[in-house]
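*Asks:* Got a structure for you, questions after.
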Amino acid sequence: MSRAFLQRLQAGPAVLAPGAYDALSALLIEQAGFEAVYISGASVAYTQLGRPDIGLVSFDHLADVVARIRERVALPIIVDADTGFGNALNVQRTVRVLERFGATAIQIEDQDFPKRCGHLAGKKLIPAEEMVGKIRAACDARNEASIIARTDAIAVEGFEAALERASAYVEAGADIVFVEAPRSVEEMRRVVEVLGVRAPLVANMVEGGVTPILSLNELDDLGFRLAISPGAMVRAIIPQMESFLASLIAHGATKPFADRMTDLAGVNQRIGLDEMVALGAAYDPKSRRAAE
Numbered sequence: 022m023s024r025a026f027l028q029r030l031q032a033g034p035a036v037l038a039p040g041a042y043d044a045l046s047a048l049l050i051e052q053a054g055f056e057a058v059y060i061s062g063a064s065v066a067y068t069q070l071g072r073p074d075i076g077l078v079s080f081d082h083l084a085d086v087v088a089r090i091r092e093r094v095a096l097p098i099i100v101d102a103d104t105g106f107g108n109a110l111n112v113q114r115t116v117r118v119l120e121r122f123g124a125t126a127i128q129i130e131d132q133d134f135p136k137r138c139g140h141l142a143g144k145k146l147i148p149a150e151e152m153v154g155k156i157r158a159a160c161d162a163r164n165e166a167s168i169i170a171r172t173d174a175i176a177v178e179g180f181e182a183a184l185e186r187a188s189a190y191v192e193a194g195a196d197i198v199f200v201e202a203p204r205s206v207e208e209m210r211r212v213v214e215v216l217g218v219r220a221p222l223v224a225n226m227v228e229g230g231v232t233p234i235l236s237l238n239e240l241d242d243l244g245f246r247l248a249i250s251p252g253a254m255v256r257a258i259i260p261q262m263e264s265f266l267a268s269l270i271a272h273g274a275t276k277p278f279a280d281r282m283t284d285l286a287g288v289n290q291r292i293g294l295d296e297m298v299a300l301g302a303a304y305d306p307k308s309r310r311a312a313e
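Numbering-wise (our numbering), the sequence shown opens with residue 22 and increments by one.
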């Protein structure tokens, strides 16, 4: 799957991968017809820790999320592995475990630990040479998984330095390149001009971030091959949850909000209750005898 997905990105057109944070969100992405799912470290922190994206999600926690999502969906899974959770040796273990648990592509960034969301201020970077070593280590450790190299250098060292870092990461073996947080369409065009012929490029669409929000077709026209919306689903459901809770506390019942909810049958239909019951019955000798 990993090689096929990389070939799909190389061939185009651009792929849109919404951000997931658990098996249900990934399942809904698959059922909606998307080609890939992006496991967002930020969304995992938001939903499972109730905390910001500042490096609080542990490696074991992320690996567990990857395994649970892979058990439920067949889509290519792109995993945000933050800084790789340590030095080059830690990166190798991160890559091996995440690939074994089902990752199709693994993203590693050049921030120092503790990392921050790519659209937050106050980021710090490791030296480019250290990141090159981590990418080489990741490539040596993987079986088939694609390695995505992300640089956050625009906000720290400037735009040209970010392009230099990204070029070095391609030389080190990165399959896909992610220059985080360009501040204008002109900067996005420049990223494509410098790097687009060397590797598929990632565009990160963050509502309220510093990068212009463009459609998938617009990003494809620019030359990006993977568009991610890491925290969009969380930002979509927060107002809905707040509205539901406001209604519940005001009315003391869910009925006034029922037309905006999925009922029990709807939930069970989406998560495959009938299929699971039928599968269980196929293994149950009593059920088989009753059917006969």
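Just so you know, even glycine gets a beta-carbon here, dropped at the ideal spot from N, CA and C.
Measuring only the C-alpha atoms, how far is residue 53 from residue 242?
*Replies:* Near 24 Å, if we compare the C-alpha coordinates of residue 242 and residue 53.
*Asks:* Using the beta-carbon count (16 or more within 10 Å), is residue 270 buried or exposed?
*Replies:* With fewer than 16 Cβ atoms within 10 Å of its Cβ, residue 270 is classed as exposed.
*Asks:* Which partner residues of residue 90 appear in the DSSP bridge assignment?
*Replies:* Answer is none; residue 90 lacks a bridge partner.
*Asks:* CB residue 158 to CB residue 117, shorter than 8 Å?
*Replies:* Not a contact, by the Cβ cut-off of 8 Å.
*Asks:* Using only the alpha-carbon positions, how far apart do residue 39 and residue 249 sit?
*Replies:* Distance between the alpha carbons of residue 39 and residue 249 is about 6 Å.
*Asks:* Is it right to say residue 34 is buried, meaning 16 or more other beta carbons lie within 10 angstroms of its own, or is it exposed?
*Replies:* Flag for residue 34 reads exposed.
*Asks:* Using only alpha-carbon positions, find the residue among 58, 31, 48, 65 that is nearest to residue 256.
*Replies:* Checked all of 58, 31, 48, 65; the closest Cα to residue 256 is 65.
*Asks:* Apart from the five residues on each side of it in sequence, which residues of its chain come closer than 7 Å, Cβ to Cβ, to residue 210?
*Replies:* These residues qualify, in order along the chain: 243.
*Asks:* In whole angstroms, what separates the C-alpha of residue 134 from that of residue 302?
*Replies:* Taking the straight line joining both Cα atoms gives about 50 Å.
*Asks:* With distances taken from CA atoms, which of 261, 298, 295 is nearest residue 280?
*Replies:* The candidate whose alpha carbon is nearest that of residue 280 is 261.
*Asks:* Can you tell me which of 100, 106, 97, 166 puts its alpha carbon nearest to the alpha carbon of residue 76?
*Replies:* Residue 106 is the option with its Cα nearest to residue 76.
*Asks:* I believe residue 226 touches residue 190 by the beta-carbon criterion, under 8 Å. Please report the beta-carbon distance rounded to the nearest angstrom.
*Replies:* Actually they do not touch by this definition, with Cβ atoms about 22 Å apart.
*Asks:* On the DSSP letters alone, give me the boundaries of the beta strand (DSSP E) that residue 115 sits inside.
*Replies:* No beta strand (DSSP E) holds residue 115; the alpha helix (DSSP H) holding it covers 109 to 121.
*Asks:* With distances taken Cα to Cα, identify the nearest neighbour of residue 143 among 174, 120, 119.
*Replies:* The option with the nearest alpha carbon to residue 143 is 174.
*Asks:* Just checking my contact of residue 253 with residue 214 at CB under 8 Å: how many whole Å lie between their CB atoms?
*Replies:* The pair is not a contact, with the Cβ atoms about 28 Å apart (cut-off 8 Å).
*Asks:* Using the C-alpha atoms, what's the distance from residue 80 back to residue 99?
*Replies:* So the two alpha carbons sit approximately 15 Å from each other.
*Asks:* What residue from 51, 247, 305 has the CA that sits closest to residue 197's CA?
*Replies:* Comparing Cα-Cα distances from residue 197 to each of 51, 247, 305, the minimum goes to 247.
*Asks:* Please state whether the Cβ-Cβ distance between residue 187 and residue 172 is less than 8 Å.
*Replies:* Contact: yes.
*Asks:* Measure the C-alpha to C-alpha separation of residue 128 and residue 101 and round it to an integer number of angstroms.
*Replies:* Rounded to whole angstroms, residue 128 to residue 101 spans 5 Å at the Cα level.
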